[in-house]
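Top line first, the protein sequences correspond to chains A and B.
For the first sequence, the positions run 1 to 248 when the working numbering is used.
For the second sequence, the positions run 249 to 496 when the working numbering is used.
Built from N, CA and C at the ideal position, the CB exists for glycine as well.
None of the values given here were measured: they were computed from a predicted structure.
Beneath this line is the structure, given in structure tokens, with notes to follow.
2 protein chains.
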Amino acid sequence: MVNASPDLRQQIEARPILQPRRGLRDSPIAAVILTGGEVDAVAGLLHLRESQRFTLFATGRVHEALQANPIFNALNPAFVHRQSVHLDRPFDLPGGIVAELFAVPGKVALYLEREGNDLAGDVEDTVGLRLSSRTGAACYFIPGCEHLPAGIAERLRGSDLVFFDGTLWTNDEMIREGSGTKTGQRMGHMSVADPRGTIESFRDLDVRRKVFIHINNSNPILLDDSPERAIAARAGWEVAYDGMEIVL
Amino acid sequence: MVNASPDLRQQIEARPILQPRRGLRDSPIAAVILTGGEVDAVAGLLHLRESQRFTLFATGRVHEALQANPIFNALNPAFVHRQSVHLDRPFDLPGGIVAELFAVPGKVALYLEREGNDLAGDVEDTVGLRLSSRTGAACYFIPGCEHLPAGIAERLRGSDLVFFDGTLWTNDEMIREGSGTKTGQRMGHMSVADPRGTIESFRDLDVRRKVFIHINNSNPILLDDSPERAIAARAGWEVAYDGMEIVL
């Protein structure tokens, strides 16, 4: 200790250590499920490297993408267990929750695109997640979906809650406003307001609660007072926000 | 457009597009200089993938670490130029600023640690940065430094401003408080208040302004009203904060 007066020394020694729920570095995160390998899906893992125990669930393809990047070794294998899961096979999470991953139309992560490769990638590259509880309540989480095939529409029909890809308002909005060179579809996303877009595709699916997630900063539904937000709300859609809590 | 009433349609079409300084996605960042390959030094690059033009300067070793992680391909090579720089050879930045990297005692990035490897790594793994302007003013940026050899102390002597490694208050604080299992030195950091620590090592170097950076959340100097902060301030040290602006 440098130059601490006896007085300061006493203050330092007497200070109580603040205690979170269990130890100084407690985290309530018991499991992480990845729905793809794109930067916005996986970069947050780099913040979970504080020697907290959790299980990391993803398809084999997405685990391969992580394993190809040594930076994710920052997740200490003594604490973080990487578990590969198969599509369409339910698996258990802590707290009695059952999860299931299923293929949705999408694309390979941008940083894995290679000339000549099929951008659509493998069925395991972009997936949707179903979570259900002991009470039978279920929700779906689908942050990227290039179009809505009949099979997925039927899966979602009548469900309690769906979080869904709200990337763009219209397919060409980034090109029109000059903020990008790609359409939504080229990026693996259907758009909210297009004629065969999300609002239209969900109109007759009787989903009790519908929430847009994964919203690009060019999408005007992000503005509380935009006419686009009003259109989405009138069609029964909410817009997710940081700190949103859900009770099913 | 789905179900937009003529009224809403008119509002949408009449809305002016807000313009930042140059186009919708302007960024004032013209160059990024890395002082190491550790997660906290490089993860922020993943936020700079919006097709903004900048040059990424780093040693060959640090560029190798990035290249070994395909996730950084998210930095489109059409916009981001990766430039390797040699130690102790000044190079030009935009705006008439001259930069120079030099070796400091440190360690290889945690995620690159391998059993049997020398943790100290290569001289290019952990570096300090010198920035100088046409006016002759200069500052140093050294976020990780395991101890202060005489050569580096002499380099810093009498300088205008030094940003320096403030990771821990004492070498064993994470072990004592139960938030970690490693000493500061094992992580490649000298500590602020240790007998041969930072405050003592800088005491006679006549640096005009001294600012702690890279401060771990276990270090009590982060608290404005802590006795440790008072000790550091009395020794002429400031504590950096988000949004801090410097005029040299």
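Can you look up residue i in the DSSP assignment and give me helix, strand or coil?
i: Gln52(A); result: coil
i: Gly128(A); result: strand
i: Asp224(A); result: coil
i: Val211(A); result: strand
i: Asp92(A); result: strand
i: Tyr241(A); result: coil
i: Ala74(A); result: helix
i: Ala478(B); result: helix
i: Arg46(A); result: Strictly speaking, residue 46(A) in this sequence is Leu, with Arg absent from that position. Three-state result, Leu46(A): helix.
i: Leu110(A); result: helix
For a cutoff of 9 Å on Cβ pairs, would you count residue i as touching chain B?
i: Tyr140(A); result: no
i: Leu48(A); result: no
i: Ser179(A); result: yes
i: Asn219(A); result: no
i: Arg25(A); result: yes
i: Ser51(A); result: yes
i: Ala43(A); result: yes
i: Val2(A); result: For Val2(A), the predicted model reports a pLDDT of 47, less than 50, meaning its position is unreliable; a value from the coordinates is still stated below. Cβ-Cβ to chain B under 9 Å: yes for Val2(A).
i: Ala58(A); result: no
Verify the CB distance criterion: does residue i have a CB-CB separation below 9 Å to chain A?
i: Phe320(B); result: yes
i: Val455(B); result: no
i: Gly436(B); result: no
i: Asn419(B); result: no
i: Tyr359(B); result: yes
i: Ala313(B); result: yes
i: Ala316(B); result: yes
i: Val310(B); result: no
i: Val287(B); result: yes
Compute the Euclidean distance between the alpha carbons of residue i and residue j, then round it to the nearest angstrom.
i: Leu471(B); j: Phe460(B); result: 13 Å
i: Arg337(B); j: Pro28(A); result: 48 Å
i: Leu266(B); j: Arg273(B); result: Residue placement at Leu266(B) is poorly supported in this model, since its pLDDT is 46, which falls under 50; the coordinates still yield a value, given next. Their backbone Cα atoms lie some 11 Å apart in a straight line.
i: Arg477(B); j: Asn317(B); result: 38 Å
i: Asp206(A); j: Val310(B); result: 53 Å
i: Lys458(B); j: Tyr359(B); result: 30 Å
i: Gln52(A); j: Glu173(A); result: 41 Å
i: Ile423(B); j: Thr429(B); result: 5 Å
i: Arg482(B); j: Leu404(B); result: 20 Å
i: Glu64(A); j: Thr307(B); result: 28 Å
Quick one: give me the first and last residue of the alpha helix (DSSP H) that residue i is part of.
i: Ile277(B); result: Element bounds for Ile277(B): n/a, residue is neither H nor E.
i: Phe202(A); result: 198 to 202
i: Ala153(A); result: 150 to 156
i: Ala483(B); result: Where Ala483(B) is concerned, there is no enclosing alpha helix (DSSP H), given that its DSSP letter is neither H nor E.
i: Val495(B); result: Segment: none, Val495(B) is in no alpha helix (DSSP H) and carries neither H nor E.
i: Val42(A); result: 39 to 42
i: Ile423(B); result: 421 to 425
Exposed or buried, which one is residue i when buried takes at least 16 other CB atoms within 10 Å?
i: Asn467(B); result: buried
i: Pro195(A); result: exposed
i: Asn171(A); result: buried
i: Val85(A); result: buried
i: Asn217(A); result: exposed
i: Phe411(B); result: buried
i: Gly243(A); result: exposed
i: Ile71(A); result: buried
i: Glu493(B); result: exposed
i: Val104(A); result: buried
Let's see if you can read the secondary structure: which residues bound the beta strand (DSSP E) around residue i?
i: Gln331(B); result: 328 to 332
i: Val310(B); result: Here Val310(B) belongs to no beta strand (DSSP E); instead the alpha helix (DSSP H) covers 308 to 315.
i: Cys139(A); result: 138 to 142
i: Leu349(B); result: 345 to 351
i: Leu205(A); result: Premise fails: Leu205(A) is in no beta strand (DSSP E) and is neither H nor E.
Taking Cβ-Cβ distances shorter than 9 Å, what residues in chain C pair up with residue i?
i: Val356(B); result: As a matter of chain content, chain C is missing from the structure shown, whose protein chains are A and B.
For the ligand FAD, any of its heavy atoms closer than 8 Å to the Cβ of residue i?
i: Ala232(A); result: Within the structure as shown, the ligand FAD is missing, as the structure has no ligands at all.
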